[in-house]
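Each residue of the sequence shown is one higher than the one before, starting from 0 at the first, in numbering that gives the first Met the number 0. Everything below concerns the one structure shown next.
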Amino acid sequence: MFNKLKIGIRTKITLGYIVIILCLLASVIILNNQIISLQKERNYIIKNNSHIHAVTNCIEKYILDMESSQRGFVITGEPIYLETYYEAGEKWRSDFNELYQLFENKPTQQQKLNEIKATIEHWITTSGEPSIEFKKENKAEAIWELYKVDVGRKDMETVRAQFESLRSEVIASMQTKVNDLDKRNNFVTLTLLGILVFISVVAIIIANGISRSIVKTLTQVTQTIQEITASKSSQKGRIHVRTNDEINDLAAATNELLDILERREWLQLNIAEIVTKYQGISAITKLAETFLSEIAQKTQSSLGAFYVRETTDNHIQFVKKAAFADARDDVGIESFKLGQGLIGQCALEKKILIYNDIPEDFRLIGTSLGEVPPKSIFIVPIIFENDVIAVVELATMTGFNEQQQRLVKQVIETFGLTINSVLGRMEIVRLLNESRAMTEELQVQSEAFQAQSEELQMQTEELTMINEQLEERTKEAELKSRELEQAKKELEESAEQLLINSNYKSEFLANMSHELRTPLNSILILSEMLAENSQSNLSDEEAEFAKVIYSSGEDLLALINDILDLSKVEAGKLDISFDEMNMSEVPVQIEQTFAPVATKKNLQFHISKEKNVTDVFYTDEKRFKQILKNLLSNAFKFTEQGSVNLEIKQLGQEQLTNNMQDLSADWLEIIVIDTGIGIPKDKHQLIFESFQQADGATVRKYGGTGLGLSICKELARLLGGWISLQSDEGQGSTFTLTIPSLPNGIEEQKYLEFAINEVGATNEVHELEEGEQLSEIQEFSQHEVEVFQGKNILIVDDDYRNIYALKNALEKRGMNILVAKDGIECLDVMQANGEIDLILMDIMMPNLDGYETMSIIRKQLKITDLPIIALTAKAMKNDRDKSLEAGASDYISKPLNLDQLISVLRVWLVSKGS
Numbered sequence: 000m001f002n003k004l005k006i007g008i009r010t011k012i013t014l015g016y017i018v019i020i021l022c023l024l025a026s027v028i029i030l031n032n033q034i035i036s037l038q039k040e041r042n043y044i045i046k047n048n049s050h051i052h053a054v055t056n057c058i059e060k061y062i063l064d065m066e067s068s069q070r071g072f073v074i075t076g077e078p079i080y081l082e083t084y085y086e087a088g089e090k091w092r093s094d095f096n097e098l099y100q101l102f103e104n105k106p107t108q109q110q111k112l113n114e115i116k117a118t119i120e121h122w123i124t125t126s127g128e129p130s131i132e133f134k135k136e137n138k139a140e141a142i143w144e145l146y147k148v149d150v151g152r153k154d155m156e157t158v159r160a161q162f163e164s165l166r167s168e169v170i171a172s173m174q175t176k177v178n179d180l181d182k183r184n185n186f187v188t189l190t191l192l193g194i195l196v197f198i199s200v201v202a203i204i205i206a207n208g209i210s211r212s213i214v215k216t217l218t219q220v221t222q223t224i225q226e227i228t229a230s231k232s233s234q235k236g237r238i239h240v241r242t243n244d245e246i247n248d249l250a251a252a253t254n255e256l257l258d259i260l261e262r263r264e265w266l267q268l269n270i271a272e273i274v275t276k277y278q279g280i281s282a283i284t285k286l287a288e289t290f291l292s293e294i295a296q297k298t299q300s301s302l303g304a305f306y307v308r309e310t311t312d313n314h315i316q317f318v319k320k321a322a323f324a325d326a327r328d329d330v331g332i333e334s335f336k337l338g339q340g341l342i343g344q345c346a347l348e349k350k351i352l353i354y355n356d357i358p359e360d361f362r363l364i365g366t367s368l369g370e371v372p373p374k375s376i377f378i379v380p381i382i383f384e385n386d387v388i389a390v391v392e393l394a395t396m397t398g399f400n401e402q403q404q405r406l407v408k409q410v411i412e413t414f415g416l417t418i419n420s421v422l423g424r425m426e427i428v429r430l431l432n433e434s435r436a437m438t439e440e441l442q443v444q445s446e447a448f449q450a451q452s453e454e455l456q457m458q459t460e461e462l463t464m465i466n467e468q469l470e471e472r473t474k475e476a477e478l479k480s481r482e483l484e485q486a487k488k489e490l491e492e493s494a495e496q497l498l499i500n501s502n503y504k505s506e507f508l509a510n511m512s513h514e515l516r517t518p519l520n521s522i523l524i525l526s527e528m529l530a531e532n533s534q535s536n537l538s539d540e541e542a543e544f545a546k547v548i549y550s551s552g553e554d555l556l557a558l559i560n561d562i563l564d565l566s567k568v569e570a571g572k573l574d575i576s577f578d579e580m581n582m583s584e585v586p587v588q589i590e591q592t593f594a595p596v597a598t599k600k601n602l603q604f605h606i607s608k609e610k611n612v613t614d615v616f617y618t619d620e621k622r623f624k625q626i627l628k629n630l631l632s633n634a635f636k637f638t639e640q641g642s643v644n645l646e647i648k649q650l651g652q653e654q655l656t657n658n659m660q661d662l663s664a665d666w667l668e669i670i671v672i673d674t675g676i677g678i679p680k681d682k683h684q685l686i687f688e689s690f691q692q693a694d695g696a697t698v699r700k701y702g703g704t705g706l707g708l709s710i711c712k713e714l715a716r717l718l719g720g721w722i723s724l725q726s727d728e729g730q731g732s733t734f735t736l737t738i739p740s741l742p743n744g745i746e747e748q749k750y751l752e753f754a755i756n757e758v759g760a761t762n763e764v765h766e767l768e769e770g771e772q773l774s775e776i777q778e779f780s781q782h783e784v785e786v787f788q789g790k791n792i793l794i795v796d797d798d799y800r801n802i803y804a805l806k807n808a809l810e811k812r813g814m815n816i817l818v819a820k821d822g823i824e825c826l827d828v829m830q831a832n833g834e835i836d837l838i839l840m841d842i843m844m845p846n847l848d849g850y851e852t853m854s855i856i857r858k859q860l861k862i863t864d865l866p867i868i869a870l871t872a873k874a875m876k877n878d879r880d881k882s883l884e885a886g887a888s889d890y891i892s893k894p895l896n897l898d899q900l901i902s903v904l905r906v907w908l909v910s911k912g913s
């Protein structure tokens with residue numbers, strides 16, 4: 000490695016100086032480290048000695064403080080002296096431990112410290128502590144006897160003497176170390192002088208060695224050049240220099256010049272020889288064989304193949320024309336395409352390829368003694384006018400050197416022109432022969448064309464007839480198209496008429512709802528008040544009559560709601576809002592709702608939810624629960640004995656059809672099973688129709704409108720699912736609700752934004768809830784009386800029945816009632832009375848309706864803090880939003896629930912008061 004390292008003359012001189020400088024730097028660093036080490040040790044000795052003196056003085060001071068504090072307490076009896084005594088007692092022990100650590104590797108000094116500690120503790124136990132205890136116990140005689148002996152004074156003198164002895168010993172030890180440091184300092188000085196002498200000797204030796212190396216090398220180069228000049232061996236001699244410096248570079252450059260001249264002469268001779276051999280050849284095969292033979296001999300190749308480009312039907316391929324050393328006549332493939340194999344890639348990229356790592360299964364090179372594998376492959380494209388017209392592939396057992404590669408590259412630079420010339424001459428000959436043959440063929444084809452012309456004339460006449468027939472069919476198609484367009488217009492007109500009829504139907508239902516709810520509101524409020532019998536002025540039979548009236552009114556309200564629900568579903572205007580729903584809460588909510596019904600009818604009620612049911616499910620929670628409650632209500636109503644079961648399952652992927660998987664990956668199956676009266680198979684479809692039940696006997700016995708299952712079926716469809724039924728008469732029924740999880744809803748369904756009241760859970764649940772509500776006699780708390788007492792409430796309504804019912808209900812709670820028949824009278828009352836606390840505003844009124852009245856109050860009268868509760872029986876779309884936009888503070892739909900109304904009044908009156 001060192002022989003190959005190049006070191007120039009300047010580098011040698013520079014390295015000599017660098018060695019001298021490095022020696023100086025090393026000596027300076029070593030000496031500096033020694034001096035710094037001595038300085039650190041001296042500083043450590045001084046610092047350690049000072050610290051030891053300070054700590055010993057502190058310990059002595061604390062002992063003296065303890066002695067003086069002890070005497071002060073004995074003399075005066077003041078406890079303040081004890082604080083100093085005990086504080087000094089803690090501090091001398093802490094400093095003693097620190098001093099003991101400073102003498103860690105000095106057993107003699109540690110022994111003295113232990114003696115000092117024993118003396119101090121002896122003083123504390125024999126003099127300090129006893130005297131304090133005697134003083135605390137007021138034993139003056141014991142104190143006198145203690146000081147009469149005065150053992151403590153002797154201990155104090157001993158402590159001082161011991162500390163003096165310790166300090167003297169520390170000073171002596173420090174002096175010894177200082178003397179050692181002085182000796183080391185003298186040694187460093189002598190070392191510095193020795194290093195300087197050593198560096199001077201090294202510098203002289205290096206200078207002498209470098210000069211001798213330079214002179215010796217120059218002498219060798221001069222002698223070698225003289226020998227080459229004197230010899231007549233035609234550049235065979237070479238300069239040999241052992242040193243690796245600038246003189247060696249000069250010798251190497253001269254040798255390289257001689258090598259280049261020799262290689263250039265070899266190339267020129269071989270190129271001239273090869274070109275001479277293939278001149279005058281007119282056949283491509285002969286040209287390929289001659290070129291391949293010569294180039295293989297010059298490059299010492301053992302195998303070779305020559306391929307020429309041929310184009311057939313716009314398909315380019317290279318065909319083998321010659322081979323070298325082909326013992327079995329199968330050197331190389333017969334042909335290849337661009338990009339096929341290594342040789343094809345070479346032709347495609349137009350680059351020379353050389354491969355030295357030949358696989359073991361490559362073709363062997365045959366000799367008289369056997370076969371051996373090649374060591375290197377040389378693939379060369381022959382290019383003419385930027386197109387590859389031929390490819391030569393060579394293989395050798397030794398490897399292609401750089402000189403041989405350069406020979407091949409220079410030969411093929413002009414060989415492409417030769418190949419193109421030969422191919423051109425061959426193409427001319429081929430075209431001449433083809434031209435003669437084609438002339439004869441054209442004469443024959445001319446006669447055939449004459450016959451074909453006559454056939455085409457006949458076909459033209461046939462096509463003319465077919466074209467006329469097509470024109471007639473086109474006219475018929477246009478006529479049918481106009482008829483279809485007319486039918487489309489008629490269908491659009493029918494659709495518009497259906498839309499108008501649907502709007503008329505919705506408006507009619509809304510008006511009917513208002514007209515039915517308005518008297519029903521009065522019936523429900525007054526019957527509820529009579530049923531409460533708060534003044535006990537009704538007999539039990541009269542109170543029961545009132546309960547029957549209230550229950551019938553609730554049934555009528557449920558019927559109205561069912562009819563409205565069904566009409567909105569059929570009109571496609573039901574609001575479906577898909578959002579996440581917590582499935583873990585569903586069993587608890589259903590249990591709370593239907594457990595009392597099961598208890599009342601002595602039925603078993605079981606709810607099961609499988610573990611794999613997802614906790615978060617995306618659907619319309621309100622409609623989902625409406626379906627579930629309706630199915631469970633029917634199960635309880637038609638089951639006299641046995642049980643009702645609710646099962647919630649998650650459908651597995653193997654249970655889903657392709658259509659179901661396209662809609663959603665998560666599907667739930669909710670199964671309601673009862674042991675009730677069952678349904679005949681021929682009635683399975685009938686019960687899902689509007690106003691239909693199994694038979695007349697069922698209607699008479701169990702009641703109901705026949706709308707529940709019809710609404711459930713339509714709601715399930717809007718949620719993306721369906722309801723199925725399995726039942727036999729007398730063997731119970733199984734209703735199965737199957738719905739998907741739809742985070743983004745059903746895109747093709749576009750619903751209008753309005754909400755409807757939830758259909759009641761059936762008469763059975765209503766009876767239970769109504770019975771509980773009517774059985775409770777409401778008692779007003781003191782807080783409620785304080786909230787409502789003396790409040791001025793303005794009722795704005797055009798129906799005297801509603802006014803009468805509301806006035807009686809509110810006056811019982813201590814409120815003052817003002818009445819207005821329409822919006823104009825409301826504004827007059829407000830101007831005459833400025834102490835109104837809240838307004839109950841009906842919407843549908845003559846002259847000036849509720850919307851306009853609330854807008855005037857808020858915008859023209861600028862009254863923004865007065866609570867206004869909107870009341871309406873027209874429970875249609877956007878009523879709530881429209882009321883709030885007009886200025887309402889809250890919204891309640893008729894028929895009014897008295898508890899709901901009182902709750903809303905309480906909230907707004909408390910809010911206004913605060």
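The beta carbon of each residue, even a glycine, is placed where N, CA and C say it ideally should be.
For residue j and residue i, the rounded distance between their alpha carbons
i, j, result
"S49", "L98", "12 Å"
"D878", "S521", "21 Å"
"Y61", "T188", "48 Å"
"L441", "R424", "26 Å"
"L180", "R41", "8 Å"
"I914", "N247", "An answer regarding residue 914 cannot be provided, because it is not within the stretch 0 to 913 covered by the chain."
"E747", "L519", "Annotation note: pLDDT 45 at E747 (below 50); position unreliable, coordinate value reported separately. Rounded to the nearest angstrom, the two C-alpha atoms are 39 Å apart."
"L645", "I901", "37 Å"
"Q485", "Q496", "17 Å"
"E255", "N207", "33 Å"
"W143", "Q110", "35 Å"
"Q830", "K806", "21 Å"
"P894", "S550", "13 Å"
"I259", "Q402", "10 Å"
"E752", "S533", "Because E752 carries a pLDDT of 33, less than 50, the predicted location of this residue cannot be relied on, and no value is offered for it."
"V410", "R211", "52 Å"
"V27", "R183", "17 Å"
"R920", "E59", "As shown, the chain starts at 0 and ends at 913. That puts residue 920 outside it, with no answer to give."
Nearest-angstrom beta carbon gap, residue j and residue i [assumed within contact, 8 Å]
i, j, result
"K628", "T592", "7 Å"
"V421", "L286", "6 Å"
"G720", "I738", "3 Å"
"L741", "F577", "5 Å"
Residue nearest to residue i in terms of C-alpha spacing, selected from the options
i, options, result
"V390", "S493, I382, I816", "I382"
"V177", "S301, S632, Q38", "Q38"
"D386", "L478, G415, G88", "G415"
"A202", "L602, L21, K811", "L21"
"E668", "E609, K680, G641", "E609"
"I868", "S888, I855, K881, G849", "S888"
"V318", "T284, D312, L341", "T284"
"L555", "L523, N536, I891", "L523"
"K408", "E446, M457, K349, R429", "K349"
Strand pairing of residue i, partner residues [DSSP]
i, result
"Q649", "L667"
| request: Within the stretch 373 to 403, note down every full beta strand (DSSP E) run reaching 3 residues or more, in order along the chain. | output: 375 to 383, 386 to 395
| said: Report the start-end ranges of each beta strand (DSSP E) in the stretch 792 to 856 that is 3 residues or longer and not cut off at the edges. | reply: 815 to 819, 837 to 841
| field | Uninterrupted beta strand (DSSP E) stretches inside the stretch 155 to 230 (no shorter than 3 residues) | value | none
| query | Can you list the beta strand (DSSP E) stretches of 3 or more residues lying completely in the stretch 858 to 905, in chain order? | reply | 867 to 871, 889 to 892
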